[in-house]
Structures are given as structure tokens and as C-alpha cells.
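*Asks:* Residue numbers (my numbering), protein chains in the order written: chain A, 100 to 611; chain B, 123 to 550. The structure that follows is given in the form of C-alpha cells.
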């Protein structure tokens with residue numbers, strides 16, 4: 100029945116498999132009629148040598164178009180130890196070409212089986228990266244030590260994993276010995292360079308005895324292993340799931356597992372039974388740290404404000420951080436207090452800090468703040484004539500997935516925050532106030548404000564101060580993109596009512 | 123004191139920290155360098171302790187002397203444990219030696235607070251600096267930062283480390299005030315915010331650098347100057363569970379805030395573990411390991427399955443205790459409490475709903491979505507997906523399967539209660 104025998108050069112002969120499979124496909128040889136061998140397995144098969152080799156025709160002439168993922172899958176599965184792997188892969192290739200629906204069906208039984216083989220190979224490659232352990236051998240003559248490891252992989256993975264060790268240990272002279280193959284890395288300086296400035300040799304297998312025995316440095320590692328284990332959490336089954344016994348022969352610490360496990364129950368029992376000892380304080384505690392670390396929960400406000408406005412603002416800033424008069428402070432990172440010169444011409448009041456302001460602890464640094472910066476640049480306002488702050492000092496938000504979405508503070512929350520704004524105004528003593536948005540306007544003017552109606556007009560605040568109302572920049576960001584330019588121009592127009600005030604101050608200040 | 127003894131003491135001091143990951147950083151290797159080390163995206167567990175936890179990093183304290191008196195901590199100033207202190211060079215040599223033996227992926231360095239937060243942080247950063255600059259070490263470095271340390275030191279730490287972490291320690295501010303009087307919850311949050319800003323800024327700079335075209339000059343290499351890197355594997359934190367009376371609903375809410383506000387890569391939950399020489403004001407019960415496991419599962423639901431933090435544990439108003447069920451996993455518990463949403467038709471349901479079917483993982487859902495374009499899903503297909511059929515079938519509808527009355531059966535919940543199986547908590 101079987102009419103074709105293909106003998107590949109070796110267990111990991113992916114290029115060979117690829118070109119043979121392509122040729123077989125070109126000649127329409129169905130998978131049932133092909134027997135696959137590798138040179139190693141063929142030697143043990145009496146009949147293999149009796150079969151006539153198929154004539155070499157059509158190499159590379161077939162155009163079997165398969166998804167790139169399938170090529171990667173084959174590259175991995177070829178490394179599997181199962182002698183049937185080549186046959187399975189060819190059959191899958193055959194089916195991919197002849198059953199167009201197959202490539203869209205990840206639940207096909209044969210595909211799933213091959214996927215599992217690939218998974219087994221990948222897992223073994225991962226375990227090799229994890230469980231290879233090097234031991235140094237002194238080479239004398241001022242040469243750096245040679246690091247040698249023994250490993251016994253289940254699949255044909257040594258060549259595939261060796262480049263990983265080259266990348267990791269480029270400057271180290273090392274060798275990994277396994278029963279089938281050995282990999283040796285010579286880091287440069289012998290003149291032969293082919294990879295990363297050194298030479299990688301893949302040679303025949305070795306014996307376990309060829310690898311060096313334990314050394315003193317390993318004792319440190321055992322000490323670490325013994326002490327990083329928490330006896331109150333013994334979970335041997337979990338450990339074995341990730342580190343099956345098969346690998347233990349390579350791992351010096353594996354010898355500690357049984358004694359540590361046996362002792363664990365007794366150790367944690369003793370720990371629980373032991374009466375607490377009298378506390379010993381051999382080193383002095385730190386001095387109390389920042390003021391914010393030691394506060395009475397629920398209190399806020401400032402007992403006695405400093406006479407110097409700059410100090411007073413600092414005091415207020417720290418006090419707002421502790422404020423819990425409404426619930427929004429609890430989930431914020433920090434309070435965001437105003438910034439700018441004392442006696443500023445114009446105090447700009449926004450609604451509340453947003454995500455970026457909350458993280459950075461500074462007002463007007465997020466997208467809305469950047470739009471405001473653009474506006475004052477367009478208007479030619481000097482930044483240092485402004486004191487910028489918010490009506491509400493903490494960021495109020497709602498979690499949506501992993502995003503913090505701004506939520507408008509309630510009237511009650513804004514009212515609770517009002518005394519901070521008033522104290523701030525009392526210290527800064529601005530010539531006039533620019534209120535951006537409804538929340539700010541309400542706080543500053545002490546009454547509900549219809550922003551669309553009152554924008555761009557000077558109002559008088561409850562303490563007689565001049566107040567200009569305008570839209571909040573975030574309203575422009577949220578608005579209809581088609582009308583963005585128009586809205587921005589209108590907003591600039593509103594803001595410009597304060598231009599003479601702001602620039603007038605500059606002109607007054609310059610001559611002196 | 124010799125290195126071996128110090129290592130014993132300082133590994134003992136570090137074993138209560140749950141964090142172990144060494145993944146998620148940018149890939150690099152030692153080709154063309156002077157030293158050793160590589161990272162290739164996913165971390166490698168080089169060994170496993172008998173407690174089932176992965177050992178991928180050399181996890182130690184620089185010193186376990188500490189001036190703080192956090193009641194849950196074995197290294198608190200009033201504890202009578204033996205004390206030791208490594209020199210910078212000792213930690214560097216240990217890291218390099220273990221790395222050359224291929225025992226570890228890198229270093230996870232933490233420290234007790236000595237002299238001052240800045241002094242301590244400086245020492246921790248110095249270890250990372252020497253590894254990177256003197257030895258050209260390109261393996262993974264995770265530094266535990268001290269929240270009270272200066273912003274400049276935090277910034278320096280981010281240049282050398284792959285990951286930075288700051289432990290919130292306890293899920294609530296009140297808990298922290300009671301059990302860790304010297305720790306400042308607000309400072310911890312401010313530090314996390316600062317790290318997020320640095321990480322975001324570095325990423326933006328990298329994106330910008332990638333966009334600018336490289337101008338090749340004759341005889342000049344076409345390499346662009348690398349954008350500054352800041353903790354490419356992001357930041358993480360840990361909270362201790364079971365040292366105070368906080369319920370799971372509050373814990374998950376705290377985690378959700380942390381993920382949302384600071385883009386943490388991970389929140390680690392560490393079941394409060396009996397420690398030697400424990401303070402008398404702490405519970406001495408065996409650690410609630412299943413509880414910790416359930417919290418990790420719930421955390422997973424928030425990060426990968428589209429669950430909101432407040433729907434995993436019902437609110438107290440609904441007669442809930444605020445705790446996750448110890449018998450069944452949180453996804454199954456949710457499904458049992460929302461049977462009106464089931465059965466889900468695997469051939470037509472949207473991805474979001476497939477992700478809510480007990481027993482279906484993210485990978486299985488992706489495969490189902492691909493497969494159902496060409497075929498209708500049958501129970502044999504599910505079996506090949508290696509999903510737990512016993513768990514899945516009562517909640518799904520297939521061409522050849524209808525759960526029928528099983529979904530309404532009063533004993534449905536009890537059928538899942540036998541022998542809870544713990545999946546791996548700490549694989550990379």
C-alpha cells in the first residue's frame with residue numbers, strides 16, 4: 100500500500116520536510132501513500148532501505164498557498180519527538196489544500212491534535228530555558244570560566260533553543276549537553292564569527308558525567324531556595340504541576356523539597372503557638388514625617404493662617420488635601436490647588452481638576468488646560484498675570500472599565516468646597532475673576548448662572564468683584580467637531596473682554 | 123556575618139511579598155554588550171518553591187532593619203527577628219552569579235527603611251545602577267520604591283528598573299492608619315501618580331521618536347538616539363488581605379480605583395500569613411488561601427473579562443456579606459446569580475456574553491468566534507477545546523445541546539461545590 104518513502108536528513112530537518120512535502124503535493128501523492136523517515140529512524144527500519152527513492156521531479160514547482168501561521172506551526176511540530184509527526188503534518192497540508200474550509204476551522208480534530216503537539220514542544224522549549232543550570236569550570240590561563248549544563252529534553256529542541264542562550268549569555272563561554280545533541284558557544288576572539296560576535300557549535304550528544312558536579316556557589320542558591328519558601332503556604336501539587344519530577348534531576352534545589360515540605364506543618368504550627376515576645380525597639384523611629392501623615396480624620400480647615408499670603412496659600416493647599424467635607428476627596432490622588440502670583444490681575448476659575456490634573460497635582464494641565472493655554476497665547480495674555488484655580492479642589496470621576504470619566508460635581512459638593520475658593524481669593528486678591536463654565540460661575544457669583552446667556556459679559560460678584568463668565572474649554576472639546584473652529588472663535592471673543600484689563604496691567608508694570 | 127547567613131535572613135524577610143512576575147518589559151539582549159542578560163517579553167519561572175510559587179527573581183531585602191512599626195510586617199522595628207544588611211556589592215555579585223547559573227531572570231530588591239526614606243531609596247537605586255552601568259546587566263530589575271523618597275530618586279529608579287512597585291499594603295485608608303501608623307496613604311497615591319506620569323511621558327516620547335524620520339548622513343549610522351525609558355514593565359502594588367476586617371467588595375473597589383487611576387499592571391493580593399514573632403493584635407488564623415485565590419480570579423474578571431468591580435460581589439443592600447464565595451469561583455457565582463442571562467447560544471452570542479460563560483476562557487472564546495464563522499458549534503467541539511464541560515454545558519445552548527431545566531434546578535449551585543480546584547496563581 101505505502102508506495103513512497105521519504106528519508107529526511109535529521110530529526111529537525113524542517114527545510115527537507117518543506118521541499119519534500121511541496122514536491123509530493125505537486126505530484127498529487129496522497130498522504131496515505133507516504134512513509135516518512137529520518138536518517139536516524141531509517142537505520143532501524145529494515146524495509147526503509149529496500150524502498151526505492153522517488154524520482155526527484157517538480158521540486159519547488161508546486162504552489163501550495165498555506166497561511167503563514169501553518170508554516171510556523173510546522174516549524175514547531177517538526178521538533179516533536181513523535182515519529183508520526185511528519186506524516187501528520189503532510190496529511191494536514193494535503194487537507195488544507197484540498198478542503199478550503201479547513202483553514203477557517205480551529206476546532207477540526209486533526210488541527211487541534213497538531214496544535215497540542217506544537218504546544219508540547221513550546222512548553223518543553225520554555226522549560227529548557229527555565230531549567231538549564233550552568234556550573235562554572237575554571238579554564239586557567241586567565242581564561243574566563245566555562246559554564247556547562249546538563250539537560251534531557253523530551254523533544255528535539257536543542258538547536259531551536261540555543262540562540263536564546265546566545266542572546267542571554269553572549270559574553271559567556273558555555274555549553275549545554277544533552278543525550279542527543281550538544282550546543283557550545285564561543286564568545287568571539289578566536290577569529291571565527293558567525294553569530295552575535297561568536298560561534299555556536301551544535302555537536303553530538305554527551306553523557307551526564309561530562310557535566311561538572313555541584314560547587315560552592317550552588318550552596319548559596321540552596322540557601323536562597325530554602326528561605327524564600329513560606330512554610331505557612333505549602334502547596335506541593337501546584338509546584339509539581341509547573342515543575343514536574345522529570346526535571347528535578349537538573350535542579351539542585353529539588354533535593355530540598357521533601358525535607359522542607361515535611362518540616363512545613365511543624366514550623367508554621369510552632370509559629371502560631373509561640374507567644375508574642377516583648378517588642379524590642381533597637382533603633383529609633385523616624386521623626387514624624389509630613390503634616391499630611393498625621394491628621395485627625397474628618398477635620399479640615401486651617402487653625403491660624405499665616406500673615407504672609409504665599410505661606411497662607413501653602414497652608415490652604417495642604418489643608419485641602421485632607422478635606423473630607425464631601426466624599427469625592429477619598430478616591431482622588433491629591434487636591435489640586437491654584438497656581439499663580441499673589442495679586443494677579445485675573446483669577447481664572449475652572450470647574451474641577453481632571454485626570455491629568457489629579458495625577459500631576461497642578462491645575463489646567465490636561466487637554467482642557469492645553470486649549471486654554473492656546474487661547475491665552477492667541478489673545479497675547481502673559482501667563483504670569485493669571486492665577487489659575489478650580490471651584491472644586493478634588494477630581495470627581497466614575498470608573499468605566501479602566502478609565503476615569505469626569506463627573507460634574509453636585510451643587511452640594513461645590514458648596515462644600517466654596518470656602519476654600521473664598522480663602523484663596525482672599526489671599527490672592529485678584530483685580531477680576533474669569534469664571535469658566537457653570538460650576539465656576541455659580542461658585543463665584545453665588546447664584547445659578549446660565550452660561551450661554553451671560554457669557555462674554557462683566558458681572559458683579561457678591562463681594563463687589565468684577566466677574567467675566569465664559570464657556571469651560573472642555574465644553575469646546577466635547578462639542579460638535581464640525582463647529583469647533585466657530586465655537587473657538589466665539590470663545591476667544593468672550594475671553595477677549597478681559598484683554599485690556601490683563602494687558603493694561605502689563606503696560607503699567609513695564610515703565611518702572 | 124557571612125553572605126550565606128545574610129542571604130538566609132534577607133530572603134526570609136522578603137518571602138511575604140507576593141509579587142514575582144518578570145514579564146511585560148521591552149525585549150533586549152546582551153548581543154553587542156559587555157555583560158549578560160536578556161528579556162524577551164514573557165518572564166521565565168526558573169524554579170518553584172514548595173508553596174507553589176514561581177521563583178523567577180532573586181527576591182531579597184537590602185536590609186531588614188526598619189524604623190517603621192507596621193503591625194503586619196515581620197520586619198517592623200519592634201519585631202525580634204534577626205537582622206542583617208547587604209552591601210551594594212554583595213547584592214550585585216549574588217544577582218550576577220545566580221543569573222550566570224541561569225537560576226533567575228533578575229533581581230527584585232526591596233528594603234526596610236533605615237536612616238531616612240531618601241537614604242534607603244538611594245541605596246536601592248545604587249544596586250540597580252551598578253548592575254546596569256558597571257556590569258552592563260540586561261536582565262530584569264524590579265525595585266520596590268519608598269513612597270516618601272524624593273521625586274528625583276523615583277525618576278532615577280525608573281531609568282534602571284523594568285518595573286517599580288509601591289505597596290498600598292492595606293485596602294483602606296483606615297486600615298493603613300491603624301496597622302501602619304508611619305505610612306502615609308496619600309503619599310503612596312501621590313507616588314503612584316508620579317510613576318504613572320513618568321511612564322506615560324516616556325511612552326509618548328518613544329512614540330514621537332518612532333514617528334520622526336531618520337535622516338541618513340554619509341558615513342553616519344542611521345540609528346536614531348533611543349528615547350528615554352522609564353520602567354517599561356510598568357508599576358504594580360500589593361495589598362495584604364485578612365489582616366483587618368475589610369470585605370472583598372471593598373478590596374475589589376480599591377483595586378479598580380488603582381487600575382483606573384494609575385494604570386497598574388498588577389495588584390497582588392497577599393493573604394496575611396502568620397509571621398514569626400507576630401504582634402498580639404493580629405489574627406493568628408491559618409492564611410485564607412482560598413480567599414486570596416478568589417480575589418485573584420475576581421481581579422482577572424475585571425482585567426480580561428469585562429466585569430465591573432461592583433458586579434462581582436453583590437452590594438450589602440442585596441443581603442450580601444460583601445465576600446466572594448469560597449465554594450465556587452466568582453464567574454460561576456455571578457452566573458448562578460444571573461440565570462436569567464443564560465443559556466447563551468454559542469453560535470450567536472456576542473463576545474462580551476461568551477466571556478461571561480463559566481468555564482470559557484479568553485482563548486476558548488477567541489477560537490469559538492473564529493470557528494463559528496464556518497460551522498455550528500457542537501458539544502464534541504467544546505470537548506476538543508479542553509473546557510470543563512460540567513461547568514459550561516448548563517449555561518450554553520448548542521445545536522445538539524440544550525440545558526433545558528438544568529438551569530432552573532434548585533440544586534445547580536450545589537453541584538459545583540464539591541472539591542474546589544485551585545488553578546495556578548503565580549504562573550507568568
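Don't be surprised by glycine CBs; every beta carbon is placed ideally from N, CA and C. Just so we're clear, the structure is a prediction, and the values are computed from it rather than from any experiment.
(1) Taking residue 471 of chain A as the reference, give the member of A:322, A:203, A:594 and A:278 with the closest Cα.
(2) Check the Cβ of residue 433 of chain A against every Cβ in chain B and list those closer than 9 Å, keeping chain order.
(3) According to the Cβ coordinates, are residue 260 of chain A and residue 227 of chain A closer than 8 Å?
(4) Report the neighbours of residue 478 of chain B on chain A: residues whose CB is nearer than 8 Å to its CB, in chain order.
(5) Roughly how many angstroms separate the alpha carbons of residue 220 of chain A and residue 178 of chain B, rounded to a whole number?
(6) Below 9 Å on C-beta distance, what does residue 493 of chain A contact in chain B?
(7) Use the C-beta contact count for residue 364 of chain A: other C-beta atoms within 10 angstroms, 16 or more gives buried, fewer gives exposed.
(8) Taking Cβ-Cβ distances below 8 Å as the criterion, which residues of the stretch 155–173 of chain B are in contact with chain A?
(9) Please name the residue, chosen from A:584, A:254, A:167 and A:357, that lies closest to residue 177 of chain A on a Cα-to-Cα basis.
(10) For residue 504 of chain A, does the count of other Cβ atoms within 10 angstroms reach 16, so buried, or fall short, so exposed?
(11) So what does residue 235 of chain A bridge to, in DSSP terms?
(12) So who's on the other strand from residue 285 of chain A, going by DSSP bridges?
(13) Less than 7 Å between C-beta atoms, sequence neighbours within five positions excluded: which residues of the same chain meet that for residue 523 of chain B?
(14) Where residue 287 of chain A and residue 125 of chain B are concerned, what is the direct C-alpha to C-alpha distance, given to the nearest angstrom?
(15) Can you tell me the Cα-Cα spacing of residue 240 of chain A and residue 394 of chain B, whole angstroms?
(16) Tell whether a beta-carbon distance below 8 Å holds between residue 445 of chain B and residue 366 of chain B.
(17) Could you name the residues of the same chain whose beta carbon sits closer than 8 Å to that of residue 519 of chain B, not counting the 5 residues immediately before and after it, in chain order?
(18) Taking 8 Å as the cut-off, does the stretch 443–462 of chain A touch the stretch 485–492 of chain A (at least 3 CB pairs, one atom from each stretch)?
(19) Is there a Cβ from chain B that is less than 8 Å from the Cβ of residue 238 of chain A?
(20) Would you tell me roughly how many angstroms separate the C-alpha atoms of residue 490 of chain A and residue 381 of chain B, rounded to the nearest one?
(21) Hey, how far is the Cα of residue 265 of chain A from the Cα of residue 153 of chain B?
(22) Consult DSSP for residue 137 of chain A and reduce its assignment to one of helix, strand or coil.
(23) Chain B partners of residue 228 of chain A, CB-CB under 7 Å?
(24) Assuming residue 270 of chain A and residue 158 of chain B make a contact with CB atoms under 8 Å, what is their CB distance in whole Å?
(25) Give the single residue among B:506, B:415, B:235 and B:379 whose Cα lies nearest to the Cα of residue 502 of chain A.
(26) DSSP three-state call for residue 270 of chain A: helix, strand or coil?
(27) So for residue 230 of chain B, helix, strand or coil by DSSP?
(28) Taking the beta carbon of residue 557 of chain A as the centre, do at least 16 other beta carbons fall within 10 Å, making it buried, or is it exposed?
(29) Could you give the distance in angstroms between the alpha-carbon of residue 124 of chain A and the alpha-carbon of residue 163 of chain A?
(30) Going by C-alpha to C-alpha distance, which of B:351, B:448 and B:422 sits closest to residue 279 of chain B?
(31) On the premise that residue 232 of chain A lies in contact with residue 350 of chain A, defined as a C-beta separation below 8 Å, what is that separation, rounded to the nearest angstrom?
(32) Identify, in the order they occur along the chain, each residue of the same chain with its Cβ nearer than 6 Å to the Cβ of residue 217 of chain B, setting aside the five sequence neighbours on each side.
(33) Buried or exposed: where does residue 109 of chain A fall if 16 or more other Cβ atoms within 10 Å of its Cβ makes it buried?
(34) Do you know offhand how far residue 485 of chain B's Cα is from residue 222 of chain A's?
(35) Enumerate, from N- to C-terminal direction, the unbroken beta strand (DSSP E) stretches of 3 or more residues contained entirely within the stretch 440–465 of chain A.
(36) Mind reading off the beta-carbon distance from residue 538 of chain B to residue 448 of chain B? Whole number of angstroms is fine, and I expect it under 8 Å.
*Replies:* Result, derived from the coordinates:
(1) On the first chain, residue 471 of chain A is found 372 positions in, with the first residue counted as 1. Residue A:594 is the option with its Cα nearest to residue 471 of chain A.
(2) In the first chain, the residue the question calls residue 433 of chain A occupies position 334. Under the 9 Å cutoff, chain B gives 308, 311, 312 and 315.
(3) Within the first chain, residue 260 of chain A is the residue found at index 161, counting from 1. Within the first chain, residue 227 of chain A is the residue found at index 128, counting from 1. It is a contact, given that the beta carbons lie within the stated cut-off.
(4) As a first step, residue 478 of chain B must be located in the second chain, where it is residue number 356. Those do not exist, as residue 478 of chain B stays about 15 Å from chain A at its closest Cβ, beyond 8 Å.
(5) For the purposes of this step, residue 220 of chain A is taken as the residue at position 121 of the first chain. For the purposes of this step, residue 178 of chain B is taken as the residue at position 56 of the second chain. If you take the alpha carbons of residue 220 of chain A and residue 178 of chain B, they lie about 21 Å apart.
(6) By 1-based counting over the first chain, the position of residue 493 of chain A is 394. Simply none; closest approach about 12 Å.
(7) Here the question's residue 364 of chain A lines up with position 265 in the first chain. Exposed, by the Cβ-count rule.
(8) Answer in chain order: 155, 156, 157, 158, 159, 160, 162, 166, 167, 168, 169, 170, 171, 172 and 173.
(9) What you label residue 177 of chain A is simply residue 78 of the first chain in a count that begins at 1. Of the listed residues, the one whose Cα sits closest to residue 177 of chain A is A:254.
(10) Residue numbering aside, residue 504 of chain A sits at position 405 when the first chain is read from its first letter. The residue is exposed, with fewer than 16 neighbouring Cβ atoms inside 10 Å.
(11) In the first chain, counting from the first residue as 1, residue 235 of chain A sits at position 136. Its beta-bridge partners are A:246.
(12) Against the first chain, residue 285 of chain A aligns to sequence position 186. The secondary-structure analysis by DSSP pairs residue 285 of chain A across a beta bridge with A:298.
(13) Counted from its first residue, the second chain places residue 523 of chain B at position 401. Taken in chain order, the residues that qualify are 501 and 515.
(14) Position 188 of the first chain, counted from the first residue, corresponds to residue 287 of chain A. Position 3 of the second chain, counted from the first residue, corresponds to residue 125 of chain B. Counting only the Cα atoms, residue 125 of chain B lies some 34 Å from residue 287 of chain A.
(15) In the first chain, residue 240 of chain A corresponds to position 141, counting from 1. In the second chain, residue 394 of chain B corresponds to position 272, counting from 1. Each residue's Cα considered, the two are about 54 Å apart.
(16) As a working mapping, residue 445 of chain B is identified with position 323 in the second chain. As a working mapping, residue 366 of chain B is identified with position 244 in the second chain. In this structure, residue 445 of chain B keeps its C-beta atom at 8 Å or more from the C-beta atom of residue 366 of chain B.
(17) By 1-based counting over the second chain, the position of residue 519 of chain B is 397. Within the same chain, residue 519 of chain B has close Cβ partners 465, 466, 467, 468 and 525.
(18) Counting Cβ pairs under 8 Å, three or more are found: they touch.
(19) Counting from 1 along the first chain, the entry for residue 238 of chain A is found at position 139. Chain B, which has no Cβ nearer than 8 Å to the Cβ of residue 238 of chain A, makes this no.
(20) Taking the first residue of the first chain as 1, we reach residue 490 of chain A at position 391. Taking the first residue of the second chain as 1, we reach residue 381 of chain B at position 259. Going by the C-alpha atoms only, they are around 27 Å apart.
(21) Your numbering for residue 265 of chain A matches position 166 in the first chain. Your numbering for residue 153 of chain B matches position 31 in the second chain. CA-CA distance, residue 265 of chain A to residue 153 of chain B, rounds to 8 Å.
(22) What you label residue 137 of chain A is simply residue 38 of the first chain in a count that begins at 1. DSSP places residue 137 of chain A in strand when its eight states are reduced to three.
(23) Counting from one through the first chain, the residue named residue 228 of chain A turns up at place 129. Those within 7 Å of residue 228 of chain A in chain B are 166.
(24) Start at 1 with the first residue of the first chain, and residue 270 of chain A comes out as number 171. Start at 1 with the first residue of the second chain, and residue 158 of chain B comes out as number 36. That pair is a contact at about 6 Å.
(25) The residue labelled residue 502 of chain A in the question sits at position 403 within the first chain. It is B:379 whose Cα lies nearest to the Cα of residue 502 of chain A.
(26) Mapped onto the first chain, residue 270 of chain A falls at position 171. DSSP, read as helix, strand or coil, puts residue 270 of chain A in coil.
(27) Here residue 230 of chain B is taken as the residue at index 108 of the second chain, counted from 1. DSSP places residue 230 of chain B in strand when its eight states are reduced to three.
(28) As a first step, residue 557 of chain A is located in the first chain; it is residue number 458 there, counting from the start. Exposed: under 16 other Cβ atoms inside 10 Å.
(29) In the first chain, residue 124 of chain A corresponds to position 25, counting from 1. In the first chain, residue 163 of chain A corresponds to position 64, counting from 1. Those two C-alpha atoms are separated by around 8 Å.
(30) The residue given as residue 279 of chain B occupies position 157 in the second chain. That would be B:351, whose Cα lies nearest to the Cα of residue 279 of chain B.
(31) Start at 1 with the first residue of the first chain, and residue 350 of chain A comes out as number 251. Start at 1 with the first residue of the first chain, and residue 232 of chain A comes out as number 133. At roughly 7 Å, the Cβ-Cβ gap stays under 8 Å, so residue 350 of chain A and residue 232 of chain A are in contact.
(32) As a working mapping, residue 217 of chain B is identified with position 95 in the second chain. For residue 217 of chain B, the CB contacts under 6 Å within the same chain, skipping 5 residues up- and downstream, are 180 and 229 in chain order.
(33) Counting from one through the first chain, the residue named residue 109 of chain A turns up at place 10. Under this definition residue 109 of chain A is an exposed residue.
(34) Start at 1 with the first residue of the second chain, and residue 485 of chain B comes out as number 363. Start at 1 with the first residue of the first chain, and residue 222 of chain A comes out as number 123. Pairing residue 485 of chain B with residue 222 of chain A, the inter-Cα distance amounts to about 17 Å.
(35) With a minimum length of 3 residues, the continuous beta strand (DSSP E) runs that stay inside the stretch 440–465 of chain A are 445–449.
(36) Translated into positions along the second chain, residue 538 of chain B becomes position 416. Translated into positions along the second chain, residue 448 of chain B becomes position 326. Contact between residue 538 of chain B and residue 448 of chain B is absent: CB atoms are separated by about 12 Å, not below the 8 Å threshold.
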